[in-house]
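Below: one structure, written as structure tokens.
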Amino acid sequence: MNKRIILRIIFIFLVSVFLLQSYTFAQRTGYTKEEFMRRRAVLMEQVQDGIIVFFGNAIPQSGAHFRQDNDFYYFCGREDVNAILMMLPRMKQSILFLPQTSEREDRFHGINLLKDPGGRKKTGLSSIQPLDLFDEYLARWTGRAGKTLHIRLSPRDTVDNARYEYKLFQARKNRIFYNDQISLDNYRVKKLKERYPYCEFKDIIPIVDSMRVIKTPEEIVVLRRNGKISAEAVKQAMLKGKPGVYEYEIEAAAMAVILRHGARRFAYPPIVGSGPNSCILHYAENSRMVEDGDIILMDFGGELDYMCMDISRTWPTNGKFTEEQREVYTIALEVQKASIEAYRPGVTSADVRKYVAEKMKKMGINTRGQRGGIGHGVGMATHDVGPMSPLREGMVFAIEPGLYYPEKNLGVRIEDTVLITKDGCEVLTKDVPKEIADVEKLLASRK
Ligand SMILES: [Mn+2]
């Protein structure tokens, strides 16, 4: 074989490796131990005195991969079950308490850090202790470290529920007399107050939230990758979503993409509403067969390395918007784009609304009640912690204007997740088309 052919083969090989890499978003994300060491240092710096305690999740959730408690994970990045993290700000020490496991447990789940001589080095923790010693440490340090116990008194949040939603759903559960049982979180607080009545109890959550609301550089790497993966997922779903398929097939097309790229789960149950279902805001049955002439409203995001994403797109099943669909779609789209334009550090919700109103007036668009403003935060929870206003660099938001006409079976929502930058915002989910021409072009490429 001559030299030129060999060189050409090598060249083609390198190009295809490169293309394959960029298609699969092949770089791994995740967090370094230094990230968690920094977070603990920042928290201890602000608390100064007393003892900080975070509880990990108690048991694997059924029907899903284990997901750690958000606040616990944020400060140590560990997915251990039944763990407790203690921090002593005066001494600048962090101690992880883990259950002592039997050989049988180890055979099923692998060993934990208690049996790993490199555990401290791997985590940057001051020490790793058996769970049985937790009260021994607590009793000892309530003297020397200060008598304030900094724990979570606020409600927890989960991947798909904000703190305020968790609280609300607990209240709804307890409306049934026979369900009115104290939550695990409240039980833990009660036990601590029983054992340590002389301690002062302080809610750690305001400080935790003030940290979680500003995303770190390592989190931003994860968010950007998740933005790409989730956008590709919605794009594949749009290609799938035509007359004759079931809504769950469209969901499956999106799930396949995020799972293939290392996401562990969806950030919230996917919403695929066709026709009448497009008007039910949190519809998630996804069981209807899509018909010709329907609009599909899909709201979808993956969760990657404890960071969520939130995207909504609306498209006509048969590939062409009707006049009416086009008109409603344009309002949502222009309000959404104007909101994105207004997003920058220092801006409040009222500022965004004012900007959107002025721009719509100039464009001659009747917004039919859609005002823009600031959407919800996005992070470890899809509806993430606040406070959100005014905007600051490093915050992440979903902007999601929508218009719903149940009598016309027409619901439209267009949503992107954006990161506030130094002088504006970066749309993390921009790779999924939303301009009418681009949407129709994508749909026309279907066979
Ligand atoms: Mn949203």
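The numbering used here puts the first residue of the sequence shown at 1381, with every later residue one more than the last. Beta carbons are placed, not taken as given, at the ideal position from N, Cα and C, and that holds for glycine.
Taking C-beta atoms as the reference points, R1592 and G1759 count as a pair closer than 9 Å.
Looking at the backbone, the Cα of L1572 and that of F1446 are separated by about 26 Å. Taking the Cα of L1533 as reference, the smallest distance to any Cα among E1574, Y1578 and D1583 is reached at D1583.
Taking C-beta separations shorter than 8 Å and ignoring five residues to either side along the sequence, the partners of G1499 in its chain run L1493, L1505 and I1508, following chain order. L1808 and C1688 have their C-alpha atoms some 11 Å from each other.
Cβ neighbours of I1600 within its own chain (closer than 8 Å, five residues either side excluded): G1774 and L1799. Contact between I1794 and Q1716 holds, since their C-beta atoms are separated by about 5 Å, short of 8 Å. Within the DSSP secondary-structure output, H1530 pairs in a beta bridge with I1432 and K1582. With three or more CB-CB distances shorter than 8 Å, the stretch 1747 to 1758 counts as touching the stretch 1715 to 1732. Separation of W1695 and R1418 (C-alpha to C-alpha, rounded to the nearest whole angstrom) is 44 Å.
Residue side-chain check: S1692 places its Cβ nearer than 8 Å to a non-hydrogen atom of ligand 1. G1782 is positioned such that its CB atom lies closer than 9 Å to that of A1712. A Cβ-Cβ distance of about 4 Å is found for the pair M1424 and P1469, placing them in contact under the 8 Å criterion.
Counting along the chain, no beta strand (DSSP E) covers E1414; the unbroken alpha helix (DSSP H) around it starts and ends at K1413 to V1427. In this structure, D1540 has its CB at a distance of at least 8 Å from all heavy atoms of ligand 1. Separation of the CB atoms of R1693 and V1614 is rounded to 5 Å, and the pair is thereby assigned contact status at 8 Å. Taking a 10 Å sphere around the C-beta of S1719, we find 16 or more other C-beta atoms and assign the residue as buried. Per the coordinates, the alpha-carbon of E1598 lies some 8 Å from the alpha-carbon of T1409. In the DSSP assignment, P1510 falls within the unbroken beta strand (DSSP E) covering S1507 to P1510. The C-alpha of G1607 is placed about 40 Å away from the C-alpha of G1430. Shown here, M1635 sits in a helix according to DSSP, grouped into three states. Rounded to whole angstroms, the Cβ separation of I1676 and V1652 is 7 Å, and the two are in contact under 8 Å.
Shortest gap from the CB of E1780 to any heavy atom of ligand 1: under 8 Å. The C-beta of H1530 has 16 or more other C-beta atoms within 10 Å across all chains shown, which makes the residue buried. Taking the Cβ of T1762 as the reference point, at least one heavy atom of ligand 1 falls within a distance shorter than 8 Å.
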